[in-house]
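A quick write-up on the structure given underneath.
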Amino acid sequence: MPTGLDHTDHRAITDHLRVDGDAGLARRHEDEDFGWDKDTAKAYLPDVLDVLAESQTRLFAQGSDKLLVVLQAMDAGGKDGTLRDVLTGLNPAGIAVTSFGVPSEEELGHDYLWRVHSHTPRAGQIAVFNRSHYEDVLVVRVKRLAPRATWSKRYSHIKAFEKMLVDEGTTIVKIFLHLSRDEQRARLQDRIDSPDERWKFRRGDLDDRALWDDYLCAYRDAIEKTSVRRAPWFVVPADRKWVRNLAVASILRSVLEDLDPQFPEPEEGVDGLVVE
2 MPTGLDHTDH RAITDHLRVD GDAGLARRHE DEDFGWDKDT AKAYLPDVLD VLAESQTRLF
62 AQGSDKLLVV LQAMDAGGKD GTLRDVLTGL NPAGIAVTSF GVPSEEELGH DYLWRVHSHT
122 PRAGQIAVFN RSHYEDVLVV RVKRLAPRAT WSKRYSHIKA FEKMLVDEGT TIVKIFLHLS
182 RDEQRARLQD RIDSPDERWK FRRGDLDDRA LWDDYLCAYR DAIEKTSVRR APWFVVPADR
242 KWVRNLAVAS ILRSVLEDLD PQFPEPEEGV DGLVVE
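Just so we're aligned: the sequence shown equals residues 2 to 277 in my numbering.
Below you can see the structure in the form of structure tokens.
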């Protein structure tokens, strides 16, 4: 992958990470730093987060546009850390984060998109999916929870579902945090060794790790089959958390900049009004 991206050029970063056709997971380096200086990039991140907060304030006030952010990653890929480091400064009234785990009995009684649909954003809101409907072409495929004839149809279902959301005014951004197998090993070991992190670890994480190649293949297919102009995927190198954070923030900045939300006009006669 080429290096030398300007860490302040959010447009170039966004364009570079967008998937157009081949996901290129094999050639996209998980530890890529784009030639950025760590201290400089970390110092610049708060400036980008300030822009995000300002844009979200206008989005919420305008009350018309809707933004759905889908976050996917391997275990220990940094989804929670990204939410904490990039989205913490946003107005809680205008953001909703939903984490999708193992489906409940009730959810399994419906079609697989049922559980996510009610969590899509309302007007003026940013909704973030920590895992998502894509689990039904990832986990379901890799663990053989459904036959190929079932899950292979879901790519077209998902594209149609997302097209409907876009047609109804939702902007969709899908981000894959691309973690290396070596970095995952280190992070899982840290969880085991750290008393404050051990609660996050499940023995099943090791079972999933043994299926690494199968998951990577499933991610490649899901990304390539569903990354379209109206609902693109972005592959973000995730081994270096400081790179991940600035890259994700830059993508969101570009998306909100394109939406260009504006404060609504005040009621007539408010200008110059004096409160007694």
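Using N, Cα and C, we set each Cβ at its ideal position, and we do this for glycine too. All figures in this text were calculated on a predicted structure; none of them were measured in a lab.
Partner residues in the beta bridge of THR99, as assigned by DSSP, are PHE130.
Note that the segment 26-46 touches the segment 231-243; at least 3 beta-carbon pairs, one per stretch, sit closer than 8 Å. In terms of Cβ geometry, LEU139 and TYR216 form a close pair [threshold 8 Å]. Here the alpha carbon of GLN57 sits roughly 12 Å from the alpha carbon of THR89.
By the neighbour-count criterion, in which 16 or more other beta carbons inside 10 Å mark a residue as buried, PHE235 falls on the buried side.
In this structure, DSSP gives GLN73 an extended state, which the three-state scheme calls strand.
Following the DSSP letters along the chain, one finds LYS175 in no alpha helix (DSSP H) but inside the beta strand (DSSP E) bounded by residues 171-179. Boundaries cannot be given for TRP200, as no alpha helix (DSSP H) includes it and DSSP labels it neither H nor E.
Ranked by how close their Cα comes to the Cα of CYS218, the residues VAL276, GLY102, ARG12, ASP23 have ASP23 in first place. Here DSSP, grouped into helix, strand and coil, assigns TRP243 to helix. Around the Cβ of VAL249, a 10 Å sphere holds 16 or more other Cβ atoms; the residue is buried. As a beta-bridge residue in DSSP terms, LEU68 pairs with ILE127, THR172. DSSP places VAL237 in the uninterrupted beta strand (DSSP E) bounded by 234-238.
For TRP213, the uninterrupted alpha helix (DSSP H) segment begins and ends at 213-227. Of the other Cβ atoms in all chains shown, fewer than 16 fall within 10 Å of the Cβ of GLU268; this residue is therefore exposed.
Relative to ARG204, the option among ARG19, ASP197, GLN190 whose CA is nearest is GLN190. Beta-bridge partners assigned by DSSP to ARG19: PHE235. In this structure, GLY5 lies near GLY36, with their beta-carbon atoms less than 8 Å apart. The residue among GLU163, ARG192, PHE264 with its C-alpha nearest the C-alpha of THR227 is GLU163. A straight line joining the alpha-carbon of ASP183 with that of ASP16 spans about 27 Å. Contact fails between the segment 146-159 and the segment 38-56, because fewer than three Cβ pairs, one in each stretch, are under 8 Å apart.
Excluding the 5 residues flanking it on each side, GLY64 has same chain C-beta neighbours closer than 6 Å at ALA124, GLY125, in chain order. Separation of ASP209 and GLN263 (C-alpha to C-alpha, rounded to the nearest whole angstrom) is 45 Å. Collapsing the DSSP output to three states places SER157 in a helix. If you draw a straight line from the Cα of VAL143 to the Cα of THR83, it is about 25 Å long. Residues of the same chain with their beta carbon placed closer than 6 Å to that of THR151 are lacking, with the five preceding and five following residues left out of the count.
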